[in-house]
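At the far end of the sequence shown sits residue 471, using the working numbering, and the numbering has no gaps.
For each residue, glycine too, the CB sits at the ideal point set by N, CA and C.
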Amino acid sequence: MNAGDTIAAISTPLGVGGIGIVRLSGPQAREILDRIFRRRGGEGPLRSHRFYLGEVLRPQDQRVIDEVLAVFMEKPKTYTREEVAEIQAHSGVLVLQEILEAVLRCGARLAEPGEFTRRAFLNGRIDLTQAEAVIDLIQSKTRRSLELANLQRQGRLGREVKEIREELADLLALMEAGIDFPEEEIPGLSGGEIHRRLRAAQEKLDSLLRTYDEGKIYRQGVAAVIIGRPNVGKSSLLNSLLREDRAIVTPIPGTTRDVIEEVANVRGIPLKIMDTAGLRHTQDAVEIEGVRRTRDRLAQADLVIWVVDGSESLNAEDLDILPEVRGKKSVVAINKNDLPRRLNPQDLAGLLPGVPLIAVSALHHSGIDLLEGAIREVVLNGQEDSSSEVLLSNLRHKQALEKAREGLARALEASAANLSPEFISTDLGQALHALGEIVGETTSEDILDRIFSQFCIGK
Ligand code: GDP
13 MNAGDTIAAI STPLGVGGIG IVRLSGPQAR EILDRIFRRR GGEGPLRSHR FYLGEVLRPQ
73 DQRVIDEVLA VFMEKPKTYT REEVAEIQAH SGVLVLQEIL EAVLRCGARL AEPGEFTRRA
133 FLNGRIDLTQ AEAVIDLIQS KTRRSLELAN LQRQGRLGRE VKEIREELAD LLALMEAGID
193 FPEEEIPGLS GGEIHRRLRA AQEKLDSLLR TYDEGKIYRQ GVAAVIIGRP NVGKSSLLNS
253 LLREDRAIVT PIPGTTRDVI EEVANVRGIP LKIMDTAGLR HTQDAVEIEG VRRTRDRLAQ
313 ADLVIWVVDG SESLNAEDLD ILPEVRGKKS VVAINKNDLP RRLNPQDLAG LLPGVPLIAV
373 SALHHSGIDL LEGAIREVVL NGQEDSSSEV LLSNLRHKQA LEKAREGLAR ALEASAANLS
433 PEFISTDLGQ ALHALGEIVG ETTSEDILDR IFSQFCIGK
């Protein structure tokens, strides 16, 4: 990868649509745009950050490819901090490919996945947490996830980590001065002061680490399964939670044979729901396969939604499912609440103490709101939504913070044991390195490659 060249890519999804964009970044962006773009009714150089109407022509034969809007953006006020050009064409697969070919022919190179954002990071416009937030933003499934991704994109997490890192770096510099000039008195560097500063940094790391469980839920979602014997209304409940008719609902038992996976928005939590074939004993080969898959999904699930039919009393087939629910985060939906009640909730309460039992009618979409509230409580362990604006949500960040915390813990031990300052400063150096990995200051090329390869080409 060479930052000196000019990269280009189709930055919109390939397909038929209103507008498709070819983007260029690098020192030749302007020159390439000038070669292929013929402005309508105007002469002279394009002004920066202005849209111009015109046509794109093939450089080899001047044949018109499309009528477009083009913009040239002078650095540094661009996405990558390099010269950037964008061509907004009609979104047809061939149109965009021909425009891309034209810019490649004029000297640009096809961008690698995430290379525009990587350049923004390498050129110091954003830190690594902000670059990662771009992926989170694109993949957000609920408004809350989007809000958190935007806070990270704005640099809140990065700033917090950098502040802790700077405080520790100052401390390290003082300590190293003390090591280099042991005969001199370094102000503010008594053993007690070192200890106090290390503790303060450790507390900040701890409070960030505590936000991970919640942050992860909003970023990655929660894997949930809907289980229950046939015909209790699992598919209907799934549809109700999705508020869309996606699963096929039929009154013939055992017809939801495969596992359907959908993402429902449960009060901001992306709930990845798997509607399953149920767990009943069966001889049918297809159904056996369905049951096997159900067990696999159950093993991976963070949450179990057990559906029972409230219009019938609990039977042996229901009770078969009980062991699958016990010991998991779960809620019970007592369905068909529109019909006369036969099931006694007390029976269930005795079997699953502490598990919320919610009466719903999937068919009439009633009680779903209560069920969503119960799901949210169970998933968040009854905690109220934290008001904290910085939520840790990325495993990479969590692991690096833990590494930093370990370094600090060792430094604190060394300082408590009155070990020589060299020991403390080595541990402190490791903590600093781990914090630098989060924002991208000390991150290895391997890790950067891994992060940016998750992007699509054109981002
Ligand atoms: P599954 O086999 O558990 O997925 O159950 P389905 O969702 O396919 O529903 C089985 C049958 O029960 C269908 O005829 C549904 O219309 C019906 N059903 C589902 N939910 C309700 C409900 O809340 N009330 C009533 N009266 N019928 C329901």
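Just to check, is the beta-carbon of Val319 closer than 7 Å to a non-hydrogen atom of the ligand GDP?
yes
Tell me the rounded alpha-carbon separation between Ala428 and His207.
8 Å
Can you tell me whether Val473 is helix, strand or coil according to DSSP?
Because the chain spans 13 through 471 in this model, residue 473 falls outside it and cannot be assessed.
Would DSSP call Asp321 helix, strand or coil?
strand
Residue range of the unbroken beta strand (DSSP E) whose run includes Thr93:
Note on identity: in this sequence residue 93 is Arg, with Thr being the wrong assignment. Unbroken run through Arg93: none, as it is neither H nor E.
Check the DSSP bridge columns for Leu69 and list the partner residues they point to.
Val76
For Phe467, the first and last residue of its enclosing beta strand (DSSP E)
No beta strand (DSSP E) contains Phe467, which DSSP labels as neither H nor E.
Backbone CA spacing between Val303 and Asp218 [nearest angstrom]
42 Å
Coil, strand or helix - Gly393 by DSSP
Here the sequence assigns Asn to residue 393, which means Gly is not the residue at that position. Judged by DSSP in its simplified three-state form, Asn393 adopts coil rather than helix or strand.
Would you call the CB atoms of Val402 and Arg168 closer than 8 Å?
yes
Considering only heavy atoms of the ligand GDP, does any lie closer than 7 Å to the CB of Leu253?
Taking the Cβ of Leu253 as the reference point, every heavy atom of the ligand GDP lies at 7 Å or farther away.
Three-state secondary structure (DSSP) at Ser202?
coil
Out of Pro365, Ser252, Glu301, Ile300, which one is the CA nearest neighbour of Ile285?
Ser252
Tell me whether Lys153 sits in a helix, a strand or coil according to DSSP, three-state version.
coil
Contact defined as beta carbons within less than 8 Å: I believe Leu316 pairs with Asn349. What is the distance between those atoms, to the nearest angstrom?
First, the amino acid is wrong: residue 316 is Val here, not Leu. At roughly 20 Å, the Cβ-Cβ gap does not stay under 8 Å, so Val316 and Asn349 are not in contact.
Inter-residue CB distance, Lys341 and Val391 (contact presumed, cutoff 8 Å):
Taking 8 Å as the upper bound for CB-CB distance, Lys341 and Val391 are in contact here, some 7 Å apart.
With DSSP as the reference, identify every bridge partner of Phe49, one or two as the case may be.
Phe49 pairs with Val68.
My output table needs one value for Val275: the three-state DSSP class, helix, strand or coil.
strand
Alpha carbon to alpha carbon, how far is Ser378 from Val320?
15 Å
Got a sec: does the ligand GDP put a non-hydrogen atom nearer than 7 Å to the Cβ of Asp350?
yes
May I have the straight-line CA-CA distance separating Asn406 from Arg209, to the nearest angstrom?
27 Å
Any heavy atom of the ligand GDP within a distance shorter than 7 Å of the CB on Leu375?
yes
Considering only the alpha carbon of each residue, which of Gln142, Ser323, Glu188 lies closest to His172?
Here the sequence assigns Glu to residue 172, which means His is not the residue at that position. Minimum Cα distance to Glu172 is reached at Gln142.
Rounded separation between Ala486 and Glu144 - CA only
For the chain, the structure presents residues 13 to 471; residue 486 sits outside this window and is missing.
Cβ of Ala34 within 8 Å of Cβ of Leu112?
Checking the sequence, you will find Val at residue 34 rather than Ala. In contact: Val34 and Leu112 (Cβ atoms closer than 8 Å).
Within 10 Å of its beta-carbon, does Ile150 have 16 or more other beta-carbons around it, so buried, or fewer, so exposed?
Burial call: exposed.
Straight-line Cα distance separating Asn243 from Asn327
13 Å
Ser37, buried or exposed, once every other Cβ within 10 Å from all chains shown has been counted against 16:
buried
I'd like to confirm something about Pro357: is its beta-carbon nearer than 7 Å to some heavy atom of the ligand GDP, or not?
no
With Gln424 as the anchor, note down where its alpha helix (DSSP H) starts and where it stops.
The question names Gln, yet the displayed sequence has Leu at residue 424. For Leu424, the enclosing alpha helix (DSSP H) covers residues 407-428.
Closer than 6 Å by C-beta to Gly227: which residues in its own chain qualify, once you throw out the five before and the five after it? Chain order, please.
Apart from the 5 residues on each side of it in sequence, Gly227 sits with its Cβ closer than 6 Å to the Cβ of Leu403, Leu404, Ser405 in its chain, given in chain order.
Close-in-space but distant-in-sequence residues of the same chain around Arg75 (CB under 7 Å, 5 per side omitted)
Within the same chain, Arg75 has close Cβ partners Leu69.
Which same chain residues, not among the five before or five after Ala361, have their C-beta less than 7 Å away from its C-beta?
Leu369
Any 3 or more C-beta pairs closer than 8 Å across the segment 49-63 and the segment 114-122:
no
Please classify Ala423 as buried or exposed, where buried requires at least 16 neighbouring CB atoms within 10 angstroms.
buried
Val244 Cβ short of 7 Å to the ligand GDP heavy atom set:
yes
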